[in-house]
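Trainee: In UniProt numbering, the protein residues as written are 1 to 136.
See below:
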């Protein structure tokens, strides 16, 4: 029996308590990790209640193209190092255009399951290193 219409319920409530963005544009001097760090710093500044990055227990990074477009694999652990949140579990989620949405789903489920209380979720892409026909 197909379960597509099955009613699903989170194990406990989940809230998004902060958000951040990097600048949009073509930045020859920045890679996707720089842009992620910029968005992370913006998120930390958006928090209105004493947030300590050491409270982050797990992280999910949505990213489709860093290994293809920037010749940089192993992206998630590198991001964790740049953010100063090691050692925690951090996973790169690759699902084409839905990578960051899928990362968010994983973060929600990690909290709803009771496994973690504070999870970082973000996404990053830098697609300007190649011409359009190389990206599409």
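We put the beta carbon where it would ideally sit given N, CA and C, even for glycine.
At 4 residues or longer, and completely inside the UniProt domain "Thiolase N-terminal" (14–133): list those alpha helix (DSSP H) runs for me, N to C.
Mentor: For the UniProt domain "Thiolase N-terminal" (14–133), whole alpha helix (DSSP H) runs of length 4 or above, ordered along the chain, are 32–46, 66–69, 75–83 and 99–112.
Trainee: For a quick check, are the C-beta atoms of residue 93 and residue 62 less than 8 Å apart?
Mentor: yes
Trainee: Is it true that the stretch 110–117 meets the stretch 68–81, where meeting means three or more beta-carbon pairs spaced less than 8 Å apart?
Mentor: No, because fewer than three Cβ pairs between the stretch 110–117 and the stretch 68–81 fall closer than 8 Å, the two stretches do not touch.
Trainee: Pick out whichever of 121, 122, 47 and 109 has its Cα sitting closest to the Cα of residue 8.
Mentor: 109
Trainee: Going by C-alpha to C-alpha distance, which of 22, 123 and 32 sits closest to residue 98?
Mentor: 123
Trainee: Can you tell which of 53, 43, 30 and 10 has the C-alpha that lies nearest to the C-alpha of residue 126?
Mentor: 30
Trainee: Taking the Cβ atom as the reference point for each residue, do residue 83 and residue 40 lie within a distance shorter than 8 Å?
Mentor: yes
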